[in-house]
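S.K.:
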Amino acid sequence: MSGLEALYYASVYPEEVQAIVGLDPAVPKSYEQLQVPSSIIITGSGALSEFGGLRILPSFVKEADIFSTAYLSTEDKKAYKSFIHRGTMTKNMREEIERVHENAAVVSNHIPRETPMLFFCFERSRDGNR
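Put into structure tokens, the structure is as follows:
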């Protein structure tokens, strides 16, 4: 969602933004088909995260692409998982999820067309490979 934030900031404060460089950012159109979980699921996930309950849901982090690469050692993967369990579904993250469609609509109406942008993106093929 940082792509939305960068676009919004550039449209509101154009004199402060010289350019936007995004690493696989999401743009407003990418949120059109996104299914936002119910408030109950979002709130429940937040509660689980706050008391460490996400540790009992290994599927929550096993899908992260970084764990299927050789870039991290076993020790680093363990530390990364611990960080994910502690730092996921904070109050700010929950609010951002609940308002993503609203935020995307605001940004799509005010794209800062004068701001140079460079996006580095990857495309996943339909079979899941890169």
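Mapping of the sequence shown onto my numbering: residues 1090 to 1219, in sequence order.
Cβ atoms here follow ideal geometry from the backbone N, Cα and C, with glycine treated the same way.
Looking at the unbroken alpha helix (DSSP H) that takes in Phe1172, where does it start and where does it end?
M.R.: For Phe1172, the enclosing alpha helix (DSSP H) begins and ends at Thr1163 to Gly1176.
S.K.: Quick one: is Ser1138 near chain C, going by C-beta distance under 8 Å?
M.R.: The structure shown contains no chain C; it holds only a single protein chain.
S.K.: Hey, Val1116 and His1190: beta-carbon distance below 8 Å or not?
M.R.: no
S.K.: Return yes when the Cβ of Arg1183 is within less than 8 Å of the Cβ of Gly1142, no when it is not.
M.R.: no
S.K.: Measure the Cβ-Cβ separation of Val1106 and Thr1204 and say whether it is below 8 Å.
M.R.: yes
S.K.: With a threshold of 16 other CB atoms inside 10 Å of the CB of Val1196, please say whether the residue is buried or exposed.
M.R.: buried
S.K.: On the three-state DSSP scale, how would you describe Leu1096?
M.R.: In the three-state reduction of the DSSP assignment, Leu1096 falls in the helix class, which pools H, G and I.
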